[in-house]
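Engineer: In the numbering used here, the protein residues as written are 829 to 1099.
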């Protein structure tokens, strides 16, 4: 059975996609499906990434020399996978530094794993989004090597990285990455920040937009919408590093001096 057409269409594919294709051409035998996968893997035509996920090996390449697109791995590992955080910044073309760690939202429990020197980490979808059935809010589709992958918009990504800066390389990486972005949809940013329903995160977004008023043409009305939902008590910008900083009264947010002054202590690194 010739499968070149399928492999050409799916540089990275799941067992289900392979099975659905075989069924579409009249094969429903599960044993034959596994047999075909094993045959083509042993023949060097495909590469097993992990259970249920495979990559096509192009001609003139071998299983050891073919580098699989990591965005396709992260974006197709589950049906609901959405590339996020620094991975989203990179896919949109605005990441300041090179990362070899790829993040994606999914409902499924997937342990972190490594493939071809890249790390892959599943992140739980925020509960507030699941409760409101808004997990796909501000999710867009991007084509990579002929396949569509889902990724958070730049606006949602901004809020997400401010919420969990550890998935973005820290404050310097966030500030440097967004310094090159000319325009953002402020209404979408505020709508998403309010959907998360986290007062500290809302304050972070307010602080960031206030410090970037000129760059993103942030009118006072946008800041006031966020200010209405700020924390009632003082909160730290870094929830896990509650040491020092300056209180930004408008947002009830204690911000490290290095963030306020943007005098970063260490140079950027490759992650």
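Even for Gly, the Cβ is constructed at its ideal location relative to N, Cα and C.
It should be emphasised that the depicted structure is a prediction, and the values quoted were computed from it without experimental measurement.
Leaving out the 5 sequence neighbours to the left and right, which residues in its chain are closer than 6 Å to residue 956 when beta-carbon positions are compared?
Structural biologist: 1024 and 1025, listed in sequence order.
Engineer: Mapping DSSP to helix, strand and coil, what is residue 1064?
Structural biologist: Residue state, collapsed to three classes: strand.
Engineer: Could you tell me the alpha carbon to alpha carbon distance between residue 1083 and residue 1064, rounded to whole angstroms?
Structural biologist: Approximately 6 Å between the Cα atoms of the pair.
Engineer: Report the rounded CA-to-CA distance for residue 886 versus residue 909, giving the unit in angstroms.
Structural biologist: Rounded to the nearest angstrom, the two C-alpha atoms are 25 Å apart.
Engineer: Assuming the contact rule is C-beta atoms closer than 8 Å, residue 897 and residue 972 should be a hit. Round their C-beta distance to whole Å, please.
Structural biologist: Right, their Cβ atoms sit about 6 Å apart.
Engineer: If we count the other Cβ atoms within 10 Å of its Cβ and call it buried at 16 or more, is residue 958 buried or exposed?
Structural biologist: Exposed: under 16 other Cβ atoms inside 10 Å.
Engineer: Going by the beta-carbon positions, is the gap between residue 906 and residue 952 smaller than 7 Å?
Structural biologist: For residue 906 and residue 952, no; Cβs fall outside 7 Å.
Engineer: How would you call residue 1098, buried or exposed, if buried means at least 16 neighbouring beta carbons within 10 angstroms?
Structural biologist: With a pLDDT of only 49 at residue 1098, under the threshold of 50, the placement of this residue in the model should not be trusted, and no figure is reported.
Engineer: What is the DSSP secondary structure of residue 935, counted as helix, strand or coil?
Structural biologist: Note: residue 935 maps to coil in three-state DSSP.
Engineer: Any idea what DSSP makes of residue 845, helix, strand or coil?
Structural biologist: Three-state DSSP puts residue 845 in a helix.
Engineer: Could you tell me whether the region 964-983 touches the region 1012-1031, using the rule of 3 or more Cβ pairs below 8 Å?
Structural biologist: Yes, since at least three Cβ pairs between the region 964-983 and the region 1012-1031 fall closer than 8 Å, the two stretches touch.
Engineer: Among residues of its own chain, excluding the 5 on either side of residue 946, which ones have a beta-carbon nearer than 8 Å to its beta-carbon?
Structural biologist: So the qualifying residues of the chain are 898, 901, 928, 929 and 930.
Engineer: Which residues in the same chain as residue 1095 place their Cβ atom closer than 7 Å to its Cβ, once the five residues preceding and following it in sequence are excluded?
Structural biologist: Residue placement at residue 1095 is flagged as unreliable, the pLDDT there being 49, under the threshold of 50; the coordinate-derived value follows with that caveat. None.
Engineer: May I ask you to list the residues that DSSP assigns as paired with residue 947?
Structural biologist: The partner list for residue 947 (beta bridge, DSSP) reads 929 and 942.
Engineer: Under 7 Å Cβ to Cβ from residue 774, same chain only, skipping five residues before and after it: list those, please.
Structural biologist: The structure shown does not extend to residue 774, since the chain is modelled only from 829 to 1099, so the question has no answer here.
Engineer: Alpha carbon to alpha carbon, how far is residue 1060 from residue 1003?
Structural biologist: One C-alpha to the other measures close to 26 Å.
Engineer: Contact defined as beta carbons within less than 8 Å: I believe residue 1079 pairs with residue 1058. What is the distance between those atoms, to the nearest angstrom?
Structural biologist: Right, the Cβ-Cβ distance comes to about 5 Å (below 8 Å), so this counts as a contact.
Engineer: Buried or exposed for residue 926, please, with buried defined as at least 16 other CB atoms from any protein chain shown within 10 angstroms of its CB.
Structural biologist: Exposed, by the Cβ-count rule.
Engineer: Using only CA atoms, which one of 1033, 889, 969 and 1043 lies nearest to residue 1081?
Structural biologist: If we check each option's Cα against that of residue 1081, 1033 comes out closest.
Engineer: Which word fits residue 1041, buried or exposed, when buried means at least 16 other C-beta atoms lie within 10 angstroms of its C-beta?
Structural biologist: Residue 1041 is exposed by the Cβ-count criterion.
Engineer: Less than 7 Å between the beta carbons of residue 932 and residue 912, yes or no?
Structural biologist: Contact: yes.
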